[in-house]
Ligand SMILES: Nc1ncnc2c1ncn2[C@@H]1O[C@H](COP(=O)(O)OP(=O)(O)OP(=O)(O)O)[C@@H](O)[C@H]1O
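In UniProt numbering, the protein residues as written are 1 to 234.
Put into structure tokens, the structure is as follows:
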């Protein structure tokens, strides 16, 4: 079943389009990696999907419902989770407070308990202020916040960007298990090879367009993709 469908998406921050017509779809429990050059429009695509891009045309459909005209809060309530690249937690609030302030959560107590089960490191430090957490803990909290509403799809914008190398593999493992549990993932990543290695499908953006798309394994073996977009193999 298609969970998220993006059709003919164009838009930007002003009258100049950054996205020049994007068509993508993600099935249930699938990870779709979006990679590409710097400035290709990957973060802008993430913003368009979650409702934060000021100017868009085209459609975003979630579980067969057209959510294009919905505000970000409504999209979240409908099942789109988002972990932005920066500002993804409230530094002055404690871990537990960061979870308590997520809007649109029905069974809050049990969801918080579930998040502490999924992220035991957060449970241990639940009264610590988010601003005092390590990069890895902070990211776990950002994931937990995004998962509070039981999203059908989570949009992760460069989740490994601020992590030490030791934590990168752990982060990809966490993303894989999210999808294994049935959550679809739109994964924006600079570490394209590692991201594709845990993905079902991949798309490569350049100049606001998808220039290559297909099964992740095909992209990993595609010489053009490797030479132009995937960088070193480490
Ligand atoms: N808030 C903004 N206002 C105006 N232009 C912006 C804004 N954010 C990004 N842009 C522009 O949109 C274009 C695409 O940026 P975007 O961040 O989406 O690229 P990206 O593919 O995510 O790149 P990177 O991998 O470097 O983060 C760039 O030309 C950028 O300068």
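Yeah, the Cβ is synthetic: ideal placement off N, Cα and C, and Gly gets one too. Since this is a predicted model, take the numbers as computed values, not measurements.
Item	Value
Have a look at 220, 207, 221 and flag the residue whose alpha-carbon is nearest the alpha-carbon of residue 40.	207
Give the list of continuous alpha helix (DSSP H) stretches no shorter than 4 residues that lie fully inside the region 12-61.	42-50
In whole angstroms, what is the alpha-carbon distance linking residue 234 and residue 31?	Since pLDDT at residue 234 reaches only 43, below the 50 mark, its modelled position is unreliable, and the value read off the structure follows with that caveat. Taking the straight line from one Cα to the other gives about 21 Å.
Is residue 12 near residue 44, with beta carbons less than 8 Å apart?	yes
Quick one: residues in its chain with C-beta nearer than 7 Å to the C-beta of residue 42, no 5 flanking neighbours on either side, listed in chain order?	34, 36, 188, 205
With a Cβ-Cβ cutoff of 8 Å, do residue 144 and residue 70 count as a contact?	no
To the nearest angstrom, how far is the alpha carbon of residue 199 from that of residue 14?	33 Å
Mind listing which residues have their beta carbon within less than 5 Å of any non-hydrogen atom of ligand 1? Chain order is fine.	13, 18, 38, 39, 40, 41, 42, 43, 44
So residue 149 packs on residue 89, CB below 8 Å; how close in whole Å?	Going by Cβ atoms, the distance from residue 149 to residue 89 rounds to 16 Å, so no, they are not a contact pair.
Quick one: what does DSSP say residue 267 is sitting in, helix, strand or coil?	The requested residue 267 is not part of the displayed model; the chain covers only 1 to 234.
Should the region 63-83 be called in touch with the region 118-130, which here means at least 3 C-beta pairs below 8 Å?	no
With burial defined as no fewer than 16 other Cβ atoms inside 10 Å of the residue's Cβ, what is the status of residue 117: buried or exposed?	exposed
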